[in-house]
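Be aware that the sequence shown starts at 30, since it is given in the working numbering, and climbs by one per residue.
I have placed the structure first, in the form of structure tokens, so that the comments after it can refer back to it.
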Amino acid sequence: ATAAGPWVNLAREDFDAFDTTTRLRLPPVVSITSITVQPPTGAAVTVASADYRLLADAEGHFVAFKTGFVPGPLATDRPDAIRVTYVAGQPIMDIPAPIKAAALLIVGDLWRNRGASVPSGVQANRVLDMILSPYRRVLV
């Protein structure tokens with residue numbers, strides 16, 4: 030995949046501690062833009078791309094740091110001690126047909142309820158729940 034096109038998004042996730050593998054929550058991940066480490070004092074330090082790899086398994090994408098890599102001292106009082114910025118997304122032509130159908134249903138509900146202050150048809154749509162349930166990921 031390339032990072033060109035209207036379908037990609039720049040995502041950022043912050044972590045408060047270092048781990049040799051760091052799971053990313055917004056699939057599919059196309060590429061890692063940067064990883065920075067925030068020391069206790071001073072500016073953030075960028076991790077060299079040779080020190081990590083982007084991998085995937087049945088649970089999704091994750092960053093695996095090189096064996097023996099140590100980020101140095103981290104700011105322990107910050108939720109963004111490690112920041113991973115990456116490109117995530119999927120080409121429109123690769124989006125599954127049920128998700129496209131669900132998007133059309135949502136647009137149709139919004140159109141039918143365009144004069145209402147609260148679009149009641151969009152709030153509780155069991156068909157949407159059934160169509161989208163195979164594509165939902167529960168993050169714990």
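The beta-carbon is built from N, C-alpha and C at its ideal position, and this holds for glycine as well.
Quick caveat: nothing in here was measured; it's all calculated off a predicted structure.
N- and C-terminal bounds of the alpha helix (DSSP H) containing Gly137: As a first step, residue 137 must be located in the sequence shown, where it is residue number 108. For Gly137, the enclosing alpha helix (DSSP H) begins and ends at Ala126 to Arg141.
Backbone CA spacing between Pro56 and Glu88 [nearest angstrom]: One-based indexing of the sequence shown puts residue 56 at position 27. One-based indexing of the sequence shown puts residue 88 at position 59. C-alpha of Pro56 to C-alpha of Glu88: approximately 10 angstroms in a straight line.
CB of Thr49 within 8 angstroms of CB of Ser63, strictly: As a working mapping, residue 49 is identified with position 20 in the sequence shown. As a working mapping, residue 63 is identified with position 34 in the sequence shown. The answer is no: Cβ separation not under 8 angstroms.
CB contact flag (Ala110, Asp45, <8 angstroms): Numbered from 1 along the sequence shown, position 81 holds the residue referred to as residue 110. Numbered from 1 along the sequence shown, position 16 holds the residue referred to as residue 45. Yes; because the gap between Cβ atoms is below 8 angstroms, this pair is in contact.
Minimum C-alpha distance to Glu42 - residue among Pro69, Thr70, His90 and Ala79: Taking the sequence shown and counting its residues from 1, one reaches residue 42 at position 13. Selected option, being the one with the closest Cα: His90.
For Leu134 and Arg155, the rounded distance between their alpha carbons: Working through the sequence shown from its first residue, we reach residue 155 at position 126. Working through the sequence shown from its first residue, we reach residue 134 at position 105. Inter-residue distance for Arg155 and Leu134 is about 11 angstroms (C-alpha atoms, whole angstroms).
Contact with chain D by Phe94, beta-carbon distance below 8 angstroms: The structure shown contains no chain D; it holds only a single protein chain.
Reference Leu53, options Ala93, Gly71, Asp80 and Pro69, closest by Cα: Mapped onto the sequence shown, residue 53 falls at position 24. Distances from the alpha-carbon of Leu53 to those of Ala93, Gly71, Asp80 and Pro69 put Ala93 closest.
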